[in-house]
Amino acid sequence: MDYLLTEEQKMLKEMVAKFAKEEIAPVAREFEEKGIFPQEIVKKLGNLGLMGVAYPPEYNGAGMDNISYMIAIEEISRYCASTGVIVSAHSSLAVDPIYRFGTEEQKKKYLPALCSGERIGCFALTEPSSGSDAGSARTTAKLIGDKWVINGTKHFITNGEEAEVCVIFAHTDPSQKTKGISAFIVEKGTEGFRVGKHEKKLGINCTSTTELILEDCAIPKENILGDLNKGFKIAMVTLDGGRLGIASQALGIARAAIEDSIKFSKEREQFDQPICQFQAIQWMLANMNTEYEASWLLTYRGSLLKDKGLPYSKEAAMAKLKASETASFCADRAIQIHGGYGYTKEFDAERYLRDAKITEIYEGTNEIMRIVISAAMLK
Ligand SMILES: Cc1cc2nc3c(=O)[nH]c(=O)nc-3n(C[C@H](O)[C@H](O)[C@H](O)COP(=O)(O)OP(=O)(O)OC[C@H]3O[C@@H](n4cnc5c(N)ncnc54)[C@H](O)[C@@H]3O)c2cc1C
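Its first residue numbered 71, the sequence shown is counted upward by one per residue in the working numbering.
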């Protein structure tokens, strides 16, 4: 569907695809098996402008659009979904809210090092007892003198271990649910702020998923992000954009499953012919490709609306819903096409299935996506 891309977007796609094939693909399987965070790769992605694709050059961003961002995340995730979400959580969930809701001082202070990849960012909304129901979060922030004092535990935080700049949500008026939450920028190294438990996971094993613990963590008064008690809105707007990133990650996984299946089905012979000659295999490939292209178009539409400054909340939820289910579907079919080999670690199909599953869960589960979509329909 390259005919929908501009010359600049096509060039970016080519550049990221080349980088991903040469630098990410050779280590993806090993890093995932060993749970290695791709430090050097992230540094190089920063040098290429890919840690801040859609942000202005004055903040060290690449000054491109959200369709370019979608392309970059898909191309990276084609070879390593972990690296895809490291970049996506950093860009969509940490850079974006600071860019969108930060004061000029905050932007100048945080964005250049984030967009260049010198510092990594994270977004901490989820808590042990508060997932889909984000308004039930228990973390609090109290203004004492000229400091916000934050107490609470965030968990399941992507980039939790590596992040130096964290966008954290806390109740500033615990008597209110969603209307009493504010957003804050907390820096690594602040007294009372530490990384807690690391999760062991089914997939995306190059990423850290950790607790962040705040115990009487005092941050400067000016580190509130956006207006007092408007944090829930900031979280929701941020997650709308994040869902386009996760949809793009899912597209990368789906494409990997399709491309590997085509290659394998041409090479593997049974009954004296390549298995791609069997109609059963051809139909699986046809279904996989149709689901992928439908998902791509939905993600493209969401990104285009965001670029045009139009509402895109429902469209982002649709893109994430469709693309994540497509990633799981394609990865499952890829294993089937690979037969017994697909069930082994000799091939990547099993990794795709493990990586795909999380795209149906994080940045809002697909049940929550259906709530967002139907709420917009019934308005
Ligand atoms: C690997 C990983 C990385 C993550 N990264 C981050 C991160 O960087 N930052 C962050 O803040 N969070 C992060 N999360 C948290 C993630 O966003 C949540 O796990 C997700 O939103 C679901 O919350 P939960 O796990 O508490 O499940 P729950 O909300 O407890 O949901 C359990 C089940 O109930 C369903 N359910 C809940 N409410 C409803 C409803 N109203 N109607 C229908 N069904 C419902 C859900 O769909 C799900 O099937 C991450 C999670 C994982 C696993």
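We treat Cβ as the ideally placed atom computed from N, Cα and C, and that holds for glycine. Note that the structure is a prediction, hence the values are computed from the model and not measured.
Item to check | Beta-carbon contacts of Thr435 that lie in its chain and below 7 Å, excluding the five residues immediately before and after | outcome: Reading the sequence shown from its first residue, position 365 is the one you call residue 435. Excluding residues within five positions, the ones whose Cβ falls inside 7 Å are Ser202.
Item to check | At least 3 beta-carbon pairs within less than 8 Å: the region 71-80 vs the region 239-257 | outcome: no
Next on the checklist: Taking its Cβ as the centre, do 16 or more other Cβ atoms sit within 10 Å of Ile141, making it buried, or is it exposed?
Outcome noted: Counting from 1 along the sequence shown, the entry for residue 141 is found at position 71. Its Cβ being crowded by 16 or more others within 10 Å, Ile141 is buried.
Next on the checklist: Please list the terminal residues of the continuous alpha helix (DSSP H) segment that includes Ile428.
Outcome noted: On the sequence shown, residue 428 is found 358 positions in, with the first residue counted as 1. Per DSSP, Ile428 belongs to the alpha helix (DSSP H) from Ala419 to Thr429.
Checklist entry - Distance, Cα to Cα, Thr260 vs Ala288? => result For the purposes of this step, residue 260 is taken as residue 190 along the sequence shown, with counting starting at 1. For the purposes of this step, residue 288 is taken as residue 218 along the sequence shown, with counting starting at 1. Those two C-alpha atoms are separated by around 8 Å.
Checklist entry - Assuming Leu309 contacts Glu433 under a Cβ cut-off of 8 Å, what Cβ separation, rounded to an integer in Å, is found between them? => result Numbered from its first residue, the sequence shown carries residue 309 at position 239. Numbered from its first residue, the sequence shown carries residue 433 at position 363. Their Cβ separation, rounded to whole angstroms, is 5 Å, which keeps Leu309 and Glu433 in contact under 8 Å.
Next on the checklist: Pull the bridge partners of Thr173 from the DSSP assignment, please.
Outcome noted: Counted from its first residue, the sequence shown places residue 173 at position 103. Its beta-bridge partners do not exist; DSSP assigns none.
Checklist entry - In this structure, does DSSP put Asp72 in helix, strand or coil? => result Indexing the sequence shown from 1 puts residue 72 at position 2. Residue state, collapsed to three classes: helix.
Checklist entry - Quick one: what's got a C-beta closer than 6 Å to Pro290's C-beta in the same chain, skipping five residues either side? => result Locating residue 290 in the sequence shown gives position 220, where the first residue counts as 1. Excluding sequence neighbours, Pro290 sits near nothing in its chain.
Checklist entry - Between the C-alpha atoms of Asp286 and Thr209, what's the straight-line distance to the nearest angstrom? => result Translated into the one-based positions of the sequence shown, residue 286 becomes position 216. Translated into the one-based positions of the sequence shown, residue 209 becomes position 139. Cα to Cα, the separation comes out at about 11 Å.
Next on the checklist: Suppose the cutoff is 7 Å on Cβ atoms and the five residues either side in sequence are ignored; what does the same chain contact list for Met388 look like?
Outcome noted: For the purposes of this step, residue 388 is taken as the residue at position 318 of the sequence shown. Only Leu368 and Ile443 meet the Cβ criterion.
Next on the checklist: By DSSP's criteria, Gln340 is part of a beta bridge. Which residues make up the other side?
Outcome noted: Taking the sequence shown and counting its residues from 1, the one referred to as residue 340 is at position 270. Answer is Gln343, bridged to Gln340.
Checklist entry - By a C-beta neighbour count over all protein chains shown, 10 Å radius and 16 as the cutoff for buried, is Thr396 buried or exposed? => result Within the sequence shown, numbered from 1, the residue matching residue 396 stands at position 326. When all chains shown are included, Thr396 counts as buried.
Item to check | Beta-carbon proximity check, Leu314 vs Asn136, cutoff 8 Å | outcome: Sequence index remark: in the sequence shown, residue 314 carries index 244 (1-based). Sequence index remark: in the sequence shown, residue 136 carries index 66 (1-based). Taking 8 Å as the Cβ cut-off, Leu314 and Asn136 qualify as a contacting pair.
Checklist entry - In the DSSP assignment, what are the bridge partners of Glu197? => result In the sequence shown, residue 197 corresponds to position 127, counting from 1. DSSP lists Ser200 as partners of Glu197.
Item to check | Cut-off 6 Å between Cβ atoms - residues of its own chain near Gly131, not counting five sequence neighbours on either side | outcome: The sequence position of residue 131 within the sequence shown is 61, counting from 1. Counting only Cβ-Cβ distances below 6 Å, and skipping sequence neighbours, we find Gly122, Tyr125 and Cys185.
Next on the checklist: Taking contact to mean 3 or more Cβ pairs, one atom from each stretch, closer than 8 Å, check whether the region 424-431 and the region 315-334 are in contact.
Outcome noted: yes
Next on the checklist: Measuring only from the beta carbon, is Glu257 closer than 7 Å to any heavy atom that is part of ligand 1?
Outcome noted: Residue mapping note: residue 257 aligns to position 187 of the sequence shown, counting from 1. Result no, Cβ not under 7 Å from ligand 1.
Next on the checklist: Whole angstroms are fine: how far does the CA of Gln347 sit from the CA of Asn229?
Outcome noted: As a working note, residue 229 is residue 159 in the sequence shown. As a working note, residue 347 is residue 277 in the sequence shown. Asn229 and Gln347: Cα-Cα distance of roughly 44 Å.
Item to check | Three-state secondary structure (DSSP) of Lys267 | outcome: Along the sequence shown, one-based indexing puts residue 267 at 197. In the structure shown, Lys267 sits in a strand (DSSP, three-state: E or B).
Next on the checklist: Using CA atoms only, rank isn't needed, just tell me which of Ser335, Glu269, Ala95 and Glu361 is closest to Gln349.
Outcome noted: Position 279 of the sequence shown holds residue 349. Residue Ser335 is the option with its Cα nearest to Gln349.
Checklist entry - Does the beta carbon of Ile168 fall short of 7 Å from some heavy atom of ligand 1? => result As a position in the sequence shown, residue 168 is number 98, starting the count at 1. It does not: the Cβ of Ile168 is nowhere closer than 7 Å to a heavy atom of ligand 1.
Checklist entry - Candidates Asn359, Ser162, Ala253 and Ile316: which alpha carbon is nearest Ala327's? => result The residue you call residue 327 lines up with position 257 of the sequence shown. Of Asn359, Ser162, Ala253 and Ile316, the residue nearest in Cα terms is Asn359.
Checklist entry - Which first and last residues belong to the beta strand (DSSP E) in which Asn117 is found? => result Position 47 of the sequence shown, counted from the first residue, corresponds to residue 117. That residue, Asn117, is in no beta strand (DSSP E); its alpha helix (DSSP H) goes Gln109 to Asn117.
Checklist entry - Is Cys287 helix, strand or coil by DSSP? => result The count along the sequence shown starts at 1 and reaches residue 287 at position 217. In the structure shown, Cys287 sits in a strand (DSSP, three-state: E or B).
Next on the checklist: Could you check if Ser494 belongs to the surroundings of ligand 1, using beta carbon to heavy atom distance under 7 Å?
Outcome noted: Given a span of 71 to 449 for the chain in the structure shown, any question on residue 494 remains unanswerable.
Next on the checklist: At 3 residues or longer, what runs of the beta strand (DSSP E) sit wholly inside the region 290-376?
Outcome noted: none
Item to check | 8 Å Cβ cutoff met for Tyr413 and Ile407 | outcome: Here residue 413 corresponds to residue number 343 of the sequence shown, with the count starting at 1. Here residue 407 corresponds to residue number 337 of the sequence shown, with the count starting at 1. Contact: no.
Checklist entry - What residue does the alpha helix (DSSP H) around His408 start on, and which one ends it? => result Here residue 408 refers to the residue found at position 338 of the sequence shown. Where His408 is concerned, the enclosing alpha helix (DSSP H) stretches over Ser383 to His408.
Next on the checklist: Buried or exposed, going by whether 16 or more other CB atoms sit within 10 Å of the CB of Asn275?
Outcome noted: Here residue 275 is taken as the residue at index 205 of the sequence shown, counted from 1. Looking at its Cβ environment, which holds 16 or more other Cβ atoms inside 10 Å, Asn275 is buried.
Item to check | C-alpha distance - Pro127 paired with Lys378, whole-angstrom precision | outcome: The residue you call residue 127 lines up with position 57 of the sequence shown. The residue you call residue 378 lines up with position 308 of the sequence shown. Going by the C-alpha atoms only, they are around 19 Å apart.
Checklist entry - Rounded to the nearest angstrom, how far is the Cβ of Arg99 from that of Asp418, given a contact under 8 Å? => result Walking along the sequence shown from the start, residue 99 turns up at place 29. Walking along the sequence shown from the start, residue 418 turns up at place 348. Indeed, because the Cβ distance is near 6 Å, the residues count as touching under 8 Å.
Checklist entry - Once you ignore the five residues that flank Ile345 on each side, which residues in its own chain have a CB closer than 6 Å to its CB? => result For this step, residue 345 is matched to residue 275 along the sequence shown. Cβ within range, chain order: Ser335, Arg338 and Ile351.
Checklist entry - When you compare only the Cα positions, how much space is there between Val307 and Ser373? => result On the sequence shown, residue 307 is found 237 positions in, with the first residue counted as 1. On the sequence shown, residue 373 is found 303 positions in, with the first residue counted as 1. So the alpha carbons of these two residues sit roughly 14 Å apart.
Next on the checklist: What does the Cβ neighbour count give for Lys177, buried or exposed, with the cut at 16 atoms within 10 Å?
Outcome noted: As a working note, residue 177 is residue 107 in the sequence shown. With 16 or more other Cβ atoms within 10 Å, it is buried.
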